[in-house]
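Novice: Mind having a look at this structure? Questions to follow.
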């Protein structure tokens, strides 16, 4: 695990610039969740609207909604495919996105339809660390 300031950046994930991570599981399915940077920026997540199992998701298109005390945001799919599983724990415990964004706070699992191509557009470990560093730099500039 790499840390950029206070933000965790696990090295075994792919990152979408809409603040979601994607992990290719051993069975080829893709687990998707919110990156640490995003959950710390939006702060207290109070509601998550998720798709249903069997729904299709399209890369770079919204698949759900996240509501925090600060804002309402679309969840943008990092890969295309069919929803295999939804983290139903988020219905009663949306705070899992804040408490454990890379573990119990996962959002959906997708059976990908174009994985190899979709992964080319995502950031891998080193590029993700650089991207996080640029986010931190922008954040500091905005605070000045």
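In the numbering used here, the protein residues as written are 13 to 156. Beta carbons: idealized from backbone N, C-alpha and C, even for Gly.
To the nearest angstrom, how far is it from the Cα of residue 67 to the Cα of residue 95?
Specialist: The residue labelled residue 67 in the question sits at position 55 within the chain shown. The residue labelled residue 95 in the question sits at position 83 within the chain shown. So the alpha carbons of these two residues sit roughly 5 Å apart.
Novice: Enumerate in chain order the residues of its own chain whose CB-to-CB distance from residue 74 is below 8 Å, with the five nearest sequence positions on each side excluded.
Specialist: Against the chain shown, residue 74 aligns to sequence position 62. Same-chain partners within the cutoff: 86, 87, 88 and 89.
Novice: Kindly indicate which residue of 34, 152, 99 and 145 has the alpha-carbon position closest to the one of residue 15.
Specialist: The sequence position of residue 15 within the chain shown is 3, counting from 1. Looking at the Cα atoms, 145 is the closest of the given residues.
Novice: Pull up the distance between the alpha-carbon of residue 20 and that of residue 48, whole angstroms please.
Specialist: As a first step, residue 20 is located in the chain shown; it is residue number 8 there, counting from the start. As a first step, residue 48 is located in the chain shown; it is residue number 36 there, counting from the start. Near 6 Å, if we compare the C-alpha coordinates of residue 48 and residue 20.
Novice: Over what stretch of residues does the alpha helix (DSSP H) that includes residue 130 continue unbroken?
Specialist: As a working mapping, residue 130 is identified with position 118 in the chain shown. Residues 127-132.
Novice: Can you give the beta carbon distance from residue 137 to residue 23, rounded, assuming they're within the 8 Å contact cut?
Specialist: Translated into the one-based positions of the chain shown, residue 137 becomes position 125. Translated into the one-based positions of the chain shown, residue 23 becomes position 11. The Cβ separation is near 4 Å, so the contact holds.
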